[in-house]
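Numbering (my numbering), first residue to last: 220 to 564.
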Ligand code: SF4
Ligand code: SF4
């Protein structure tokens, strides 16, 4: 039986400071509603694109996962892929969750659905009526290679109107600057400069499409750059990506995998709830995670080489790229830990 797990304390915090500041304070827990996307960004971490299998959460599953994610005490959102591709299923799941007091705090979108004002107003008003507090909308050179800027601007305008200024999560630049984002991927030199100054984490599609624009390093070079997510604490190796109080995002995908952005499965929802994963100490979820937390990507690569025959690449651009290559090799023997296929293949 479902029960309300969305905290009134977090709603009061959002009342005070909005979803952006509340997320910064509490960190986030997300639903990867589907890996399928309406576009194929060059910097995508999870390998999302249009031609993936039609795997999406059922409405009831979405409501159940939202209940679990609210138990983490984090700001809860629904993302993808692009969740809006499956609007009817998404809306029904949010309706079920709202009836149980567990609507997500915000929805993430690439704005490709925002072809006119009517559809944006209708969908955002539905979300607001069902307890959603705001919208995260993406705008950067990679998204705007595919999504016309006016669609992002439309979502931003309607979000501010319906949810309030503090509950728009995304790029606040002037319209002219948003429109200029389309230029970056149109010229090789501009793209190279942009990747160099704003290097994405080199995993998934990003590694395939963008690593060519970064400098090469030997895998054991002490100057090999590290990336990761929101590194704000001075913790060794990859510990910040796995310690419960530090992880920026924990999420559940359509297969029930509990993961972080680092693409390592920490548990499955049919046997453990995300809050229990956090309480148990994710940095001890398995020996591969323990190795990353103690010895970083080079440590994982050595473990993969010594025990599983991983061949070191001659060069990599980031520790995260070395980690991804080692994980992709380890996936052959441990697909239950390094998965799903969408993230690695
Ligand atoms: S970054 Fe987001 S919008 Fe772009 S392909 Fe990945 S999931 Fe889709
Ligand atoms: S090296 Fe691997 S575990 Fe560490 S931050 Fe990068 S992707 Fe995550």
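Note that CB positions come from ideal geometry on N, CA and C, so glycine has one too.
Straight-line Cα distance separating residue j from residue i
i           : j           : result
residue 328 : residue 270 : 18 Å
residue 518 : residue 287 : 33 Å
residue 337 : residue 563 : 38 Å
residue 532 : residue 541 : 8 Å
residue 434 : residue 444 : 10 Å
residue 415 : residue 319 : 46 Å
residue 467 : residue 530 : 31 Å
residue 310 : residue 346 : 8 Å
residue 312 : residue 502 : 32 Å
residue 247 : residue 229 : 12 Å
residue 398 : residue 528 : 48 Å
residue 556 : residue 252 : 20 Å
residue 494 : residue 417 : 33 Å
residue 300 : residue 400 : 21 Å
residue 330 : residue 499 : 37 Å
residue 492 : residue 250 : 13 Å
residue 245 : residue 353 : 16 Å
residue 421 : residue 386 : 30 Å
residue 280 : residue 560 : 21 Å
residue 413 : residue 359 : 11 Å
residue 469 : residue 459 : 13 Å
residue 487 : residue 394 : 42 Å
residue 362 : residue 377 : 19 Å
residue 223 : residue 520 : 43 Å
residue 315 : residue 437 : 51 Å
residue 226 : residue 511 : 33 Å
residue 335 : residue 306 : 16 Å
For residue i, the residue or residues it bridges with in DSSP
i           : result
residue 535 : 436
residue 296 : 249 and 325
residue 389 : 356
residue 487 : 476
residue 427 : Paired residues: none, contrary to the question.
Member of the options whose CA lies at the smallest distance from the CA of residue i
i           : options               : result
residue 490 : 440, 284, 514 and 562 : 284
residue 515 : 252, 367, 546 and 527 : 546
residue 463 : 446, 485, 474 and 309 : 485
residue 543 : 423, 339, 513 and 249 : 423
residue 389 : 371, 506 and 398      : 371
residue 506 : 492, 262 and 523      : 523
residue 237 : 250, 248, 554 and 324 : 324
residue 431 : 222, 405 and 534      : 534
residue 476 : 441, 500 and 558      : 558
residue 440 : 538, 263, 469 and 339 : 538
residue 364 : 550, 511 and 257      : 257
residue 273 : 254, 526, 386 and 314 : 254
residue 342 : 368, 366, 302 and 362 : 302
residue 214 : 276, 425 and 385      : No information on residue 214 is available, as it lies outside the stretch 220 to 564 that the chain covers here.
residue 375 : 261, 351, 361 and 339 : 339
residue 396 : 367, 382, 384 and 377 : 367
residue 304 : 326, 314 and 315      : 326
residue 267 : 351, 292, 472 and 446 : 472
residue 355 : 383, 553 and 508      : 383
For residue i, three-class secondary structure by DSSP
i           : result
residue 468 : strand
residue 452 : coil
residue 244 : helix
residue 351 : coil
residue 366 : coil
residue 261 : coil
residue 275 : strand
residue 375 : helix
residue 268 : strand
residue 255 : strand
residue 361 : coil
residue 407 : helix
residue 337 : helix
residue 308 : helix
residue 382 : helix
residue 543 : helix
residue 507 : helix
residue 413 : helix
Any chain D beta carbon closer than 8 Å to residue i
i           : result
residue 452 : Although the question refers to chain D, the structure presented lacks it and comprises just one protein chain.
Quick check: the segment 403-413 against the segment 471-487, are at least 3 beta-carbon pairs closer than 8 Å?
no
Given 8 Å, three or more beta-carbon pairs between the segment 237-257 and the segment 294-309
yes
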